[in-house]
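K.L.:
Structure below; questions to follow.
Number of protein chains: 2
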Amino acid sequence: MNRKISEADIYRSTLKGIYHQGYKSTTMRAIAADIGIEAATIYNYVDSKEQLLETLLFEIADKFLEGVIHIDESSYAPLDKIKQFVALNINLSRSYPYQVSLLVNEWRHLKSNKQEKFLAHRKAYEDIVAKIIQEAIDCGDLRDVHVDILKNTILSAVRWLFSWLPENKEKINPVEMEKHILELILNGISK
Amino acid sequence: MNRKISEADIYRSTLKGIYHQGYKSTTMRAIAADIGIEAATIYNYVDSKEQLLETLLFEIADKFLEGVIHIDESSYAPLDKIKQFVALNINLSRSYPYQVSLLVNEWRHLKSNKQEKFLAHRKAYEDIVAKIIQEAIDCGDLRDVHVDILKNTILSAVRWLFSWLPENKEKINPVEMEKHILELILNGISK
DNA sequence: GTCTATAATTCGATAGAC
DNA sequence: GTCTATCGAATTATAGAC
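Sequence order for the protein chains is U and V.
Using my numbering, read the first sequence as starting at 421 and increasing by one per residue.
Using my numbering, read the second sequence as starting at 421 and increasing by one per residue.
This is the structure:
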């Protein structure tokens, strides 16, 4: 064994860097220094900096799309599908908080064709979410509000977890947390 | 009059650039080209690129802090303060969507001392929000949930507007929109 | 597989002519 | 006030020794 590092070390360091400083500010030198090698060595594992972002980005995007497809294809009632969807977001944000953060902004740094691929991927994901929401409206389980407003409010209401969970010292009981968030989204903040 | 452009042109172009590509990818040359001048000319109006970001960032941060202070100091009941707070977010996101977007991530590109200033500013803002929420819990108007979960869910639930409103073709009636969003946050998505 | 050295580019910012 | 020209630093990526 004459390997100083592994490919996983590079991806882990890249992810940490992008999460804290953003893609552009995370230099190959900084990634290398973080794991104790020189920048040139990275190119023995990956082709380019963009490939690092691309891999990390589509890996987590696939998990979201797969998850929502499975929920959609399940036999749950529409409202229960939405509950499952919120749970999916909480679980992925808990398991992969750093990677989830990439989905918000960093896709802009992909080159044109990869960027289009990502946006198509995201559209497929959001279309399924919108479809589930529409079904829940149609069967009278959800408020009859403009579907975009409903969709974005739901999506947005769980988009703070990826930045909060890593810093959360108290380590709130995850089952309790999910219960509370679900309650807030389904039945509102007011008592 | 021998001025080709104005300071406002520079800030407007900078803001548009950062909104679409991020601070690091928005070069002084690109800003200049967008308004039909050379990059060097910008330095006749501002000292540095960071000054552009700093000005735009604190300008909008001040509006949020001022707004929430006025709400807190008003004679509204706690729950009504929260309604006012949601309305404040919707109004600022509508009036300054590009600038609001800066608050999410771009503050990371400020230099250390300005970054600390921003974070102190943001903490003051969120502390007031937390205080209002706690008061509303105490008087029995809000669900008795961990205040961080409540705060982040509310803050997050209106954080999609700045990116959605500029692209919203249908131009939904703003009064109607505010009513619906308020309803979703206060009473939940389920009917 | 990792290193040193460096090529090629791009960026923020300045100097000085007009 | 705006321009051309350019400096100096930083970046991604490659070449080649070991």
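In this text, a Cβ means the ideal position worked out from N, Cα and C, and glycines have one as well.
It should be emphasised that the depicted structure is a prediction, and the values quoted were computed from it without experimental measurement.
According to DSSP, simplified to helix, strand and coil, what is Ala-581/V?
P.N.:
The residue given as residue 581/V occupies position 161 in the second sequence. Ala is not the amino acid found at residue 581/V; the sequence shown has Leu there. Correct three-state label for Leu-581/V: helix.
K.L.:
Name the one or two DSSP bridge partners that Ser-610/V has.
P.N.:
Numbered from its first residue, the second sequence carries residue 610/V at position 190. Paired residue(s): Leu-562/U.
K.L.:
Which residues, in order along the stretch 440 to 472 of chain V, keep a beta-carbon less than 9 Å from a beta-carbon of chain U?
P.N.:
From the stretch 440 to 472 of chain V, only His-440, Gln-441, Gly-442, Tyr-443, Lys-444, Ser-445 have a Cβ closer than 9 Å to chain U.
K.L.:
Does Glu-603/U get closer than 8 Å to chain V when you measure Cβ to Cβ?
P.N.:
The residue given as residue 603/U occupies position 183 in the first sequence. True, the Cβ-Cβ gap to chain V drops below 8 Å.
K.L.:
Using 8 Å as the threshold, is the C-beta distance between Ile-457/U and Thr-446/U below it?
P.N.:
Here residue 457/U is taken as the residue at index 37 of the first sequence, counted from 1. Here residue 446/U is taken as the residue at index 26 of the first sequence, counted from 1. No, they are not a contact pair.
K.L.:
Counting only Cβ pairs nearer than 9 Å, list the residues of chain V close to Val-565/U.
P.N.:
Here the question's residue 565/U lines up with position 145 in the first sequence. Correct list: His-600, Ile-601, Glu-603, Leu-604, Ile-609.
K.L.:
Does DSSP put Asp-467/U in a helix, a strand or coil?
P.N.:
Within the first sequence, the letter at position 47 stands for residue 467/U. Coil.
K.L.:
Does the stretch 579 to 596 of chain U come into contact with the stretch 585 to 596 of chain V, if we say contact requires no fewer than three beta-carbon pairs (one atom in each stretch) closer than 8 Å?
P.N.:
Taking 8 Å as the limit for Cβ pairs, the verdict is that the stretch 585 to 596 of chain V does not touch the stretch 579 to 596 of chain U.
K.L.:
With DSSP collapsed to three states, give me the class of Glu-427/V.
P.N.:
Here residue 427/V corresponds to residue number 7 of the second sequence, with the count starting at 1. Three-state DSSP puts Glu-427/V in a helix.
K.L.:
For the stretch 567 to 578 of chain V, which residues have a CB atom closer than 8 Å to at least one CB atom of chain U, in sequence order?
P.N.:
So the list reads Asp-568, Ile-569, Leu-570, Asn-572, Thr-573, Ile-574, Leu-575, Ser-576, Ala-577, Val-578, given in the order they occur along the chain.
K.L.:
So if I threshold CB-CB distances at 8 Å, which residues from the stretch 540 to 565 of chain V count as touching chain U?
P.N.:
Residues Gly-560, Asp-561, Leu-562, Arg-563, Asp-564, Val-565.
K.L.:
Please report how far the alpha carbon of Arg-432/V lies from the alpha carbon of Cys-559/U, in whole angstroms.
P.N.:
Taking the second sequence and counting its residues from 1, the one referred to as residue 432/V is at position 12. Taking the first sequence and counting its residues from 1, the one referred to as residue 559/U is at position 139. Their Cα atoms are separated by approximately 46 Å.
K.L.:
Please determine, among His-529/V, Asn-525/V, Leu-575/V, Lys-534/V, the residue with the shortest C-alpha to C-alpha distance to Val-549/V.
P.N.:
Here the question's residue 549/V lines up with position 129 in the second sequence. Out of His-529/V, Asn-525/V, Leu-575/V, Lys-534/V, Leu-575/V has the C-alpha closest to the C-alpha of Val-549/V.
K.L.:
Looking at C-alpha atoms only, which residue of Ile-553/U, Ile-510/U, Ala-507/U is the closest neighbour of Ala-497/U?
P.N.:
Locating residue 497/U in the first sequence gives position 77, counting from the first residue. That would be Ile-553/U, whose Cα lies nearest to the Cα of Ala-497/U.
K.L.:
Which of the residues in the stretch 519 to 537 of chain V, read from start to end, lie with their CB under 8 Å from any CB of chain U?
P.N.:
For the stretch 519 to 537 of chain V, which is checked against every Cβ of chain U, the residues closer than 8 Å are Val-524, Asn-525, Arg-528, His-529.
K.L.:
Which residue comes first and which comes last in the alpha helix (DSSP H) that contains Lys-444/V?
P.N.:
Here residue 444/V is taken as the residue at index 24 of the second sequence, counted from 1. Unbroken run through Lys-444/V: none, as it is neither H nor E.
K.L.:
Which two residues bound the contiguous alpha helix (DSSP H) that contains Ala-507/V?
P.N.:
Working through the second sequence from its first residue, we reach residue 507/V at position 87. Taken as a continuous stretch (DSSP letters only), the alpha helix (DSSP H) holding Ala-507/V covers 498 to 515.
K.L.:
Can you find the residues in the same chain that come closer than 7 Å, C-beta to C-beta, to Ala-556/V, ignoring five residues on each side of it along the sequence?
P.N.:
Taking the first residue of the second sequence as position 1, residue 556/V is located at position 136. The answer, listed in chain order, is Pro-498, Leu-499, Ile-502, Leu-562.
K.L.:
If contacts are defined as beta-carbon pairs under 8 Å, then Tyr-601/V and Ile-510/V qualify, I think. What distance do you get, rounded to the angstrom?
P.N.:
Reading the second sequence from its first residue, position 181 is the one you call residue 601/V. Reading the second sequence from its first residue, position 90 is the one you call residue 510/V. Per the sequence presented here, residue 601/V reads as Ile, with Tyr not at that position. That belief holds up - the Cβ atoms of Ile-601/V and Ile-510/V are roughly 7 Å apart, short of 8 Å.
K.L.:
Taking a contact to mean a Cβ-Cβ separation below 8 Å, would you say Thr-434/V touches Leu-485/V in this structure?
P.N.:
Here residue 434/V is taken as the residue at index 14 of the second sequence, counted from 1. Here residue 485/V is taken as the residue at index 65 of the second sequence, counted from 1. Result no, Cβ atoms of Thr-434/V and Leu-485/V do not sit closer than 8 Å.
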